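Single-structure report; data block below.
In the working numbering, the protein residues as written are 36 to 190.
In structure tokens form, the structure reads like this:
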């Protein structure tokens, strides 16, 4: 199975890149974690709807056909770690690919967000996008470790 994180924004600090790769390399070969960064639409004098629509097109182009789409959204379903582990297990049984989508500075296009198979919220806090990438990678690894009986997670 492939977990694909599609994130709007290409520049992230070195610490975030290092942390991302640290978690990504921990996954077993049968569950790969990959990142696809898509370009943020330049603001210029464009409307918010125009910006989000342009980013939506890039996001959709980065998602493999048939993938389950999970939008990270501040209005999404809040999850505890064990619930994420249960979701990961279900995703593994149902799909070859799951695309977890992180929007840009202005979020995700409303039509894209509503068309997603699921919408989840990582935190009630507002987080920088680089931190979201790292937090998501860590939580996915933690969810895998719970399902695999690996001692990384402790209750």
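For each residue, glycine too, the CB sits at the ideal point set by N, CA and C.
As the structure is a prediction and not an experimental result, all values here were calculated from the model.
Span of the beta strand (DSSP E) around residue 207
Only positions 36 to 190 of the chain appear in the structure, and residue 207 is not among them; the question remains open.
Cα-Cα separation, residue 99 to residue 132:
Spanning the two alpha carbons is a distance of roughly 8 Å.
Pairwise C-alpha distance: residue 128 and residue 143
About 27 Å.
Does the distance between the C-beta of residue 100 and the nearest non-hydrogen atom of the ligand FAD fall short of 7 Å?
Ligands in the displayed structure: none, and consequently the ligand FAD is not present.
When we look at the beta-carbon of residue 125 and count the other beta-carbons within 10 Å, is it buried (16 or more) or exposed?
Classification for residue 125: exposed.
At which residues does the alpha helix (DSSP H) containing residue 76 begin and terminate?
No alpha helix (DSSP H) holds residue 76; DSSP gives it neither H nor E.
Which value, in whole angstroms, describes the spacing of the CA atoms of residue 101 and residue 152?
If you draw a straight line from the Cα of residue 101 to the Cα of residue 152, it comes to about 11 Å.
Since residue 133 sits in a beta bridge, which residues does DSSP pair it with?
According to DSSP, residue 133 bridges with 38, 103.
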